[in-house]
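For reference, the structure is listed below as structure tokens.
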Amino acid sequence: MYCPDICGWSALACEFAHFPVLKGELRADYVVIGGGFTGLSAARRLAEEKPQTRIILIDAKRIAGGASARNSGFAVANESPGHAQLHTPAGLTTYMTKNRIDHAGMAELRRLVEECQISCQWEDTGSIHAAHDPKNFNKLRDHAKAFGDLGVDARLIEGADLAKRLGTSFYELGVEARGGALLQPAMLAQGLAASLPETIECYEDSPVQNISRAGDGWKVQLTRGSLTAPHVIVAVNAFFPRLGLKRLQVFPLVLTASLTRQLTAAEEDEIGHAKTWGILSPQSLGATMRLTKDRRILLRNTVEYRPSGIDGTLLAARRKVHADGLKKRFPFLDESAIEYSWSGNICISRNSQPVFEQSQPGLYLCGGYNAAGVSRGTIMGRLIADLALGGQSELLSDALNLIKPNLIPPRPFFDIGARLRLSGERKAAQSES
Ligand SMILES: Cc1cc2nc3c(=O)[nH]c(=O)nc-3n(C[C@H](O)[C@H](O)[C@H](O)COP(=O)(O)OP(=O)(O)OC[C@H]3O[C@@H](n4cnc5c(N)ncnc54)[C@H](O)[C@@H]3O)c2cc1C
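Residue 223 is where the sequence shown starts when you use the numbering used here, and the numbers rise one by one after that.
Structure below.
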């Protein structure tokens, strides 16, 4: 049965207890805004290091219910080297800095999942960059070579071997790389929230309207209350611009995804009982796919610039695009196999660099990892807390040394450029969508 506009991962996770709405005027030592991977990690780190202080975590909607629950569940250890200019010393330095951060993110996630016993369908499967269209094969060969140069355990698979590995002959060439994990993102995010130290006070359905200076600290204005604190960490990802922050550096993109029902015994025969996989496209707007541990297929093949979000009519149209993508790969599956379709926001900058800074004394901003925030958000959240605590480490220096996001033109000029560029990229990725 199809459940419209419900994130499949959240629906399939266990019931997750609600936190209260924040009302009245409260004071805290630290306020963390945003209950995704970044905010959860930041709040946890603050509580570990400062157990006697008052730490408040707030979210506009449900904690662990935003992009952190809605993503495709790839915990990335080695970002596709195709996205970095490895052929220049500066490009290589930038890639390696991010790579150290991502590896630390994977290690931190692994530690938390084990120590907090978070059940989230974690599998050390890695990922497969795969292409259908021969025009993308050279890109994949470049990926394989770059992975090899970087010492990543990766191999090219093609033709019948690839078809057997995936259970579909749609793809012709792939690069399978180890290091990353596949997981159920809502179960992970909820597990991280449920295992937060008890000293953290959590509030949800409490949107922040405004953040302003108040004496030596900050006042955080909410719809039904307010908070004052000397230190505020803002971890709202795609929503920075709505809070008047980073307007000329980051912008949101809307992604939509669909998840099928579980495959039937006959369908399992059709795909040769393939082992679980996660496929990424060499084209930035190509399809991301998963064969999940609980034997469903996830497909995400739309990306659009729509700052006001997606309504039910648009989501229904995107679901048809997902169904077309499914049918191309698995002709025995049609739209009726889709159980859930949903949308989510990612936060992008022009040069794919995240936001990580103390923007004013006591005000810290962290987020914007493109579609790689599962591992990166987890570690960057911890590091932004370290920055607020006055800590020092090599990894913190790495995060501070990351190149800053490039400037973008103001709206409405930006809107026109973004739509034109995405339309070009969409055409280029059509054969892989
Ligand atoms: C469809 C999709 C697929 C993706 N696939 C992957 C993937 O496979 N692997 C990967 O690594 N990444 C992926 N991503 C990206 C990843 O989900 C994000 O990078 C990650 O969730 C960022 O975490 P975050 O905590 O910074 O932000 P979020 O998870 O977006 O959390 C921000 C929180 O801030 C809250 N908030 C916003 N405004 C306010 C306000 N005014 N007041 C209070 N709270 C507010 C929101 O409600 C939200 O809960 C994907 C994203 C999407 C949408």
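Glycine included, every Cβ here is placed at the ideal spot set by N, Cα and C.
Pick from 560, 601, 511 and 364: whose alpha carbon is nearest that of residue 350?
Of all alpha-carbon atoms in 560, 601, 511 and 364, the one lying nearest the alpha-carbon of residue 350 is that of 511.
Please say whether residue 409 and residue 480 have beta carbons closer to each other than 9 Å?
In this structure, residue 409 does not lie closer than 9 Å to residue 480 by Cβ.
Residue from 655, 499 and 355 whose Cα sits closest to the Cα of residue 345
Residue 499 is the option with its Cα nearest to residue 345.
Compute the minimum distance between the beta carbon of residue 297 and the heavy atoms of ligand 1, and state whether it is under 8 Å.
Closer than 8 Å to some heavy atom of ligand 1: that describes the Cβ of residue 297.
Can we count residue 424 as close to ligand 1, meaning its CB is less than 8 Å from some heavy atom?
Checking the 8 Å criterion, the Cβ of residue 424 is out of range of every heavy atom belonging to ligand 1.
Between the CA atoms of residue 549 and residue 648 - distance to the nearest angstrom:
Rounded to the nearest angstrom, the two C-alpha atoms are 19 Å apart.
For residue 330, collect the residues of the same chain with a Cβ closer than 7 Å to its Cβ; drop the 5 residues on either side in sequence, then sort them by chain order.
Excluding five sequence positions before and after residue 330, the CB atoms of its chain that fall closer than 7 Å to its own CB belong to 600, 601 and 604, given in chain order.
What I want to know is whether the C-beta of residue 598 ends up closer than 8 Å to one or more non-hydrogen atoms of ligand 3.
Although ligand 3 was asked about, the structure shown includes only ligand 1 as ligands.
Measuring alpha carbon to alpha carbon, tell me which of 428, 529 and 241 ends up nearest residue 420.
Checking every option, the nearest Cα to that of residue 420 belongs to 241.
Could you check what DSSP says for residue 198 in three-state terms: helix, strand or coil?
Given a span of 223 to 655 for the chain in the structure shown, any question on residue 198 remains unanswerable.
Determine the direct distance from the alpha carbon of residue 545 to that of residue 675, and round the result to whole angstroms.
Here the chain has residues from 223 to 655 only, and residue 675 is not among them.
Can you find at least 3 beta carbon pairs, one from the segment 260–276 and one from the segment 433–448, that sit closer than 8 Å?
When C-beta atoms of the segment 260–276 are compared with those of the segment 433–448, fewer than three pairs fall below 8 Å, so the two segments do not count as touching.
Which of the three DSSP states, helix, strand or coil, is assigned to residue 317?
If DSSP states are grouped into helix, strand and coil, residue 317 belongs with the helices.
Between the alpha carbons of residue 522 and residue 567, how many angstroms are there, rounded?
Roughly 13 Å between the two C-alpha positions.
What residue range is occupied by the uninterrupted alpha helix (DSSP H) comprising residue 629?
Segment: none, residue 629 is in no alpha helix (DSSP H) and carries neither H nor E.
Using three-state DSSP, classify residue 480 as helix, strand or coil.
Strand, per DSSP.
DSSP three-state label for residue 350, please.
Three-state DSSP puts residue 350 in a strand.
Taking all protein chains shown into account, decide if residue 320 is buried (16 or more other Cβ within 10 angstroms of its Cβ) or exposed.
Buried.
Just confirm the distance between the C-beta atoms of residue 338 and residue 460, as a whole number of angstroms; I'd bet it's less than 8 Å.
Actually they are not in contact, since the Cβ atoms of residue 338 and residue 460 sit about 27 Å apart, beyond 8 Å.
Going by C-alpha to C-alpha distance, which of 400, 474, 526 and 639 sits closest to residue 373?
Answer by Cα proximity: 400.
Output the distance between the C-alpha atoms of residue 595 and residue 259, rounded to the nearest integer angstrom.
In this structure, the CA atom of residue 595 is about 8 Å from the CA atom of residue 259.
Strand pairing of residue 694, partner residues [DSSP]:
Outside the displayed span of the chain (223 to 655) sits residue 694, for which this structure offers no information.
Using C-beta distances below 8 Å, list every residue in its chain close to residue 490, excluding the 5 sequence neighbours before and after it, in chain order.
Closer than 8 Å at Cβ, skipping near neighbours: 517.
Cβ-Cβ distance between residue 406 and residue 288 below 9 Å
No, Cβ-Cβ distance for residue 406 and residue 288 is not below 9 Å.
Roughly how many angstroms lie between the CA atoms of residue 368 and residue 624, to the nearest whole one?
In this model, residue 368 and residue 624 are separated by some 21 Å (Cα to Cα).
Hey, out of 397, 560 and 390, whose CA is closest to residue 376's CA?
For residue 376, the closest C-alpha among the options 397, 560 and 390 is that of 397.
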